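In my numbering, the protein residues as written are 263 to 527. For each residue, glycine too, the CB sits at the ideal point set by N, CA and C. Please read all numbers here as calculations on a predicted model, not as lab measurements.
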Amino acid sequence: MLTIGEFSKISHLTLKTLRYYDEIGLLKPDFIDANNNYRYYNISQLETALLIARLKNYLFSLEDIKIILTNRDDTELLSNKMKIKQENLTQQLTIYSSMLKELKLDIQVLDKDGNIMSYLDQIEIKLVDHVAYDIFSQRKKINTADFLKHFSELFSKILFRNLSPSAKPLTIFHSSEYEPDNYDVEIAIPLTNATNETKVFNPGLCAMATLIGSYDKLPSIHTKLHVWINENNYKLNGAPFEVYQTDPYSTQEDNSIIEVFFPIK
Numbered sequence: 263m264l265t266i267g268e269f270s271k272i273s274h275l276t277l278k279t280l281r282y283y284d285e286i287g288l289l290k291p292d293f294i295d296a297n298n299n300y301r302y303y304n305i306s307q308l309e310t311a312l313l314i315a316r317l318k319n320y321l322f323s324l325e326d327i328k329i330i331l332t333n334r335d336d337t338e339l340l341s342n343k344m345k346i347k348q349e350n351l352t353q354q355l356t357i358y359s360s361m362l363k364e365l366k367l368d369i370q371v372l373d374k375d376g377n378i379m380s381y382l383d384q385i386e387i388k389l390v391d392h393v394a395y396d397i398f399s400q401r402k403k404i405n406t407a408d409f410l411k412h413f414s415e416l417f418s419k420i421l422f423r424n425l426s427p428s429a430k431p432l433t434i435f436h437s438s439e440y441e442p443d444n445y446d447v448e449i450a451i452p453l454t455n456a457t458n459e460t461k462v463f464n465p466g467l468c469a470m471a472t473l474i475g476s477y478d479k480l481p482s483i484h485t486k487l488h489v490w491i492n493e494n495n496y497k498l499n500g501a502p503f504e505v506y507q508t509d510p511y512s513t514q515e516d517n518s519i520i521e522v523f524f525p526i527k
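Given below as structure tokens:
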């Protein structure tokens with residue numbers, strides 16, 4: 263048997279941590295002396311302490327670790343949880359890699375001209391008279407994470423009806439505020455011929471900017487468009503919309519091209 267102090271020294275877990283693990287039922291002492299409440303651990307529990315440390319190193323929560331320890335012999339459970347964790351960490355690595363890339367560019371800009379917001383000056387605004395379309399559309403309140411799923415549904419309806427698209431697909435944004443989990447959007451596909459299920463989409467005069475790359479840049483595009491509209495004494499005249507010049511299913515995010523339109527008067 264090992265005293266709590268000896269167990270702490272070998273496992274490199276502090277007394278405070280060991281007492282907390284005991285409290286939550288993660289790693290309980292093998293024996294507690296009823297006379298003095300001293301905690302004693304079995305030497306075999308050192309392996310459990312190592313496993314806990316290993317799983318914590320992989321950023322598993324203590325709750326998940328407790329489930330794994332409770333089902334210690336279930337290697338399939340452990341394997342599945344580790345595969346899910348691997349996927350999560352890979353996603354986080356991608357996010358942090360992108361963040362580091364942006365940070366590096368901002369540092370370079372700061373060292374050059376001292377203004378990390380100067381990229382806004384590179385966003386070109388165009389005044390366009392948008393053509394009218396006959397569109398087949400569906401308007402829903404959706405979670406933006408499911409955006410491609412709803413686009414796929416609309417394309418399936420187009421194929422089922424044997425309809426022919428005449429231009430790139432678009433999305434009209436009807437929400438008065440940003441609600442990513444309950445966004446009022448109208449996904450639309452322009453058609454060659456009108457049917458009893460289509461309607462005319464005629465936004466008219468628009469301020470337009472092109473987003474190239476990550477959708478994360480969209481707030482910058484919107485900011486520049488609003489500033490330009492205000493500075494040039496125009497007013498908004500309808501819901502903003504996006505036209506997808508590249509296929510959102512097959513195009514890498516860095517290569518995507520989206521035209522952002524604000525109808526104005």
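Taking only three categories from DSSP, how would you classify H488? Helix at H488.
CB-CB under 8 Å to F322, same chain, minus the five flanking residues each way: which ones, in chain order? The beta carbon of F322 lies closer than 8 Å to those of I330, K343, K347 in the same chain, with the five residues before and after it left out.
Nearest by alpha-carbon distance to A394: which of I294, K278, G466, S518 is it? For A394, the nearest C-alpha among the options comes from G466.
Starting from K328, trace the alpha helix (DSSP H) both ways and give me its first and last residue. Residues 324-332.
Which of the three DSSP states is assigned to S399 in this structure? S399: strand per DSSP, three-state reduction.
Would you grab the beta carbon distance between E431 and T406 for me? Rounded to a whole angstrom, and I think it's under 8 Å. Checking the displayed sequence, the identity of residue 431 turns out to be Pro instead of Glu. The beta-carbon distance between P431 and T406, rounded to whole angstroms, is 16 Å. This is too long to meet the 8 Å contact definition.
With a Cβ-Cβ cutoff of 8 Å, do D396 and V447 count as a contact? No, the pair does not count as a contact, with Cβ atoms beyond the cut-off.
Go ahead and pull the three-state DSSP assignment for Y511. Three-state result, Y511: coil.
How do the stretch 409-423 and the stretch 487-498 stand: do at least 3 beta-carbon pairs fall below 8 Å, yes or no? As far as the Cβ criterion goes, the stretch 409-423 does not touch the stretch 487-498, which means the pair count is below three.
Quick one: Cα of A471 to Cα of L324, how far? Rounded to whole angstroms, A471 to L324 spans 48 Å at the Cα level.
Nearest-angstrom Cα separation, counted from I294 out to I305: Roughly 15 Å separates the two Cα atoms.
Bounding residues of the alpha helix (DSSP H) (the contiguous stretch that carries T433): Taken as a continuous stretch (DSSP letters only), T433 belongs to no alpha helix (DSSP H), being part of the beta strand (DSSP E) at 432-435.
Could you name the residues that DSSP lists as bridge partners for E448? Residue pairing for E448: DSSP places it in a beta bridge opposite R401, I434.
Give the DSSP bridge partners of L316, in chain order. The sequence as given places Arg at residue 316; Leu does not occur at that position. Per DSSP, none; premise fails for R316.
Any contact between the stretch 385-393 and the stretch 479-487? By contact I mean 3 or more CB pairs, one from each, below 8 Å. Touching, yes, given that three or more Cβ pairs across the two stretches are closer than 8 Å.
Output the boundary residues of the alpha helix (DSSP H) element that contains Y358. For Y358, the enclosing alpha helix (DSSP H) covers residues 337-375.
Which partner residues does T472 have in the DSSP bridge list? Per DSSP, the beta-bridge partners of T472 are E521.
Paired residues, beta bridge with H392 - DSSP: By DSSP's assignment, H392 forms a beta bridge with G466.
With distance defined between alpha-carbon atoms, name the residue in G376, A296, S426, I314 nearest to T454. The alpha carbon of T454 has as its nearest neighbour, out of G376, A296, S426, I314, the alpha carbon of S426.
Are the CB atoms of I266 and Y303 within a distance shorter than 8 Å? Yes, they are a contact pair.
What residues in its chain sit with their C-beta under 6 Å from that of T508, if we drop five residues either side in the sequence? The beta carbon of T508 sits closer than 6 Å to the beta carbons of S518, I519 from its chain, once the five residues preceding and following it are set aside; these are given in chain order.
Taking a contact to mean a Cβ-Cβ separation below 8 Å, would you say E504 touches E521 in this structure? The beta carbons of E504 and E521 sit closer together than 8 Å.
Can you tell me the Cα-Cα spacing of L317 and I327, whole angstroms? When rounded, the separation of the alpha-carbon atoms in L317 and I327 is 7 Å.
Looking at the secondary structure, which residues open and close the beta strand (DSSP E) in which R301 lies? 301-303 is the span of the beta strand (DSSP E), which, as asked, contains R301.
Between which two residues does the alpha helix (DSSP H) holding E415 run? Where E415 is concerned, the enclosing alpha helix (DSSP H) stretches over 409-422.
Who pairs with T265 in a beta bridge, going by DSSP? DSSP lists Y302 as partners of T265.
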